[in-house]
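Here is the structure we will look at, set down as structure tokens.
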Amino acid sequence: MNESKWRVTFRIFRKRSNERPYYDSFCIDVDPDEYILDAIERLWAQHDRTLTFRHACHHSTCGACGMRVNGREKLTCITTIRSMTKDGGVVKVEPMRNFPIISDLVVDMGDLFSKMDRTRFDSVAPLDDACLPYEKPRLAAHSNVQEAERLVDCIECGLCISACPSSSTDNEYVGPAVLAAIHLMYNQEPAQTLLDLADHHTGLWRCHSAYECTYVCPSGVDPAWRIMDMRKKVIRNRLKSVFSRSSKEKSDE
Ligand code: FES
Numbered sequence: 042m043n044e045s046k047w048r049v050t051f052r053i054f055r056k057r058s059n060e061r062p063y064y065d066s067f068c069i070d071v072d073p074d075e076y077i078l079d080a081i082e083r084l085w086a087q088h089d090r091t092l093t094f095r096h097a098c099h100h101s102t103c104g105a106c107g108m109r110v111n112g113r114e115k116l117t118c119i120t121t122i123r124s125m126t127k128d129g130g131v132v133k134v135e136p137m138r139n140f141p142i143i144s145d146l147v148v149d150m151g152d153l154f155s156k157m158d159r160t161r162f163d164s165v166a167p168l169d170d171a172c173l174p175y176e177k178p179r180l181a182a183h184s185n186v187q188e189a190e191r192l193v194d195c196i197e198c199g200l201c202i203s204a205c206p207s208s209s210t211d212n213e214y215v216g217p218a219v220l221a222a223i224h225l226m227y228n229q230e231p232a233q234t235l236l237d238l239a240d241h242h243t244g245l246w247r248c249h250s251a252y253e254c255t256y257v258c259p260s261g262v263d264p265a266w267r268i269m270d271m272r273k274k275v276i277r278n279r280l281k282s283v284f285s286r287s288s289k290e291k292s293d294e
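If you want it as structure tokens, here you go:
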């Protein structure tokens, strides 16, 4: 075998409508620096045309290729084989958790997208919020530039939800991606209605602060920090309203 090649076994999760799930194994020679998604495409092209998986941009922009690789949430188009295994090793590829499985590695993300729509989060950001480098001097005076710079990078890949232990145990939980979107919208325009959307037992208060979402996010959105920050804002608003009510009562006495 070519010395620059590795022999790797891919164990791929398979599931069709009512069938029981199982794993298919494919032992192939790979370039260790190629991406997991490239290898999956090769498996599809050369070994099994019935394998279903999702991808589009191949450069970490569309969020379509999220999967679990050796138990960790990854964008497979930017994850090298070398970073996940060694020569002679195994790469286990599974669909994301906490979403219904449609087929093999494809999950149904409809619920996430409709929840994101409800926050009115701009997944395609206006120019000011996108903060292109040549716009920065002008935007530097804008207090929310840092916030906008970070969250416009949310690609709605769902990896944060797959990694979230609270999402695993409660499918009513709105999840880290949606809460992070609400946080950005609130920072841009602090409307109480946005906080109300998050201030709920299936929202902010369902998070157990595991920080897994932040750990796996490929875009540096840091949903866990955003959830904690929003909790502070909610508590601050509640305290303010308690104190203003009690001082009003005193002044009425
Ligand atoms: S294929 Fe678009 S993010 Fe991976």
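For the sequence shown, counting from 1, position 126 maps to 167 in the working numbering; every step adds exactly one.
All residues carry an ideal CB built from backbone N, CA and C; glycine is no exception.
None of these values were measured; they are calculated from a predicted model.
Going by beta-carbon coordinates alone, are residue i and residue j separated by less than 8 Å?
i	j	result
C106	L78	yes
A239	C254	no
L146	F54	yes
P73	R138	no
M271	L225	no
H99	C118	yes
I196	T120	no
V131	R61	no
A157	P136	Note on identity: in this sequence residue 157 is Met, with Ala being the wrong assignment. No, they are not a contact pair.
V148	P141	yes
V262	L236	no
G41	S209	In this structure the chain extends from 42 to 294, so residue 41 is not present and cannot be described.
Write down the C-beta distance between residue i and residue j rounded to the nearest angstrom, noting that I regard them as a contact closer than 8 Å.
i	j	result
T234	E213	Actually they do not touch by this definition, with Cβ atoms about 20 Å apart.
E114	A232	Not a contact, Cβ separation roughly 32 Å.
L116	C248	At roughly 23 Å, the Cβ-Cβ gap does not stay under 8 Å, so L116 and C248 are not in contact.
T160	V49	The pair is not a contact, with the Cβ atoms about 41 Å apart (cut-off 8 Å).
V57	S144	According to the sequence provided, residue 57 is Arg. The question's Val does not apply to it. Contact holds; Cβ gap of about 6 Å.
D65	K46	No, D65 and K46 are not in contact; Cβ-Cβ is about 21 Å, not under 8 Å.
I81	L153	Not a contact, Cβ separation roughly 22 Å.
Name, in chain order, the residues that DSSP records as bridge partners for residue i.
i	result
R113	V110
S144	V147
K133	R52
C68	T50
Y214	Its beta-bridge partners do not exist; DSSP assigns none.
T121	Y76
Y227	According to DSSP, which records beta bridges pairwise, Y227 is partnered with nothing at all.
So does residue i have its beta carbon nearer than 7 Å to some heavy atom of the ligand NAD?
i	result
S45	Absence of the ligand NAD from the depicted structure is noted, with the ligand FES being the only ligands included.
Just list the alpha helix (DSSP H) runs in the region 252–276, keeping only unbroken ones of 4 residues or longer that don't cross its boundaries, in chain order. The qualifying runs are 253–257.
Which residues neighbour the ligand FES when neighbourhood means a C-beta less than 7 Å away from any of its non-hydrogen atoms? List them by chain order. Residues with a Cβ closer than 7 Å to any heavy atom of the ligand FES, in chain order: L78, H96, A97, C98, H99, H100, S101, T102, C103, G104, A105, C106, L116, T117, C118, I119, I196, C198.
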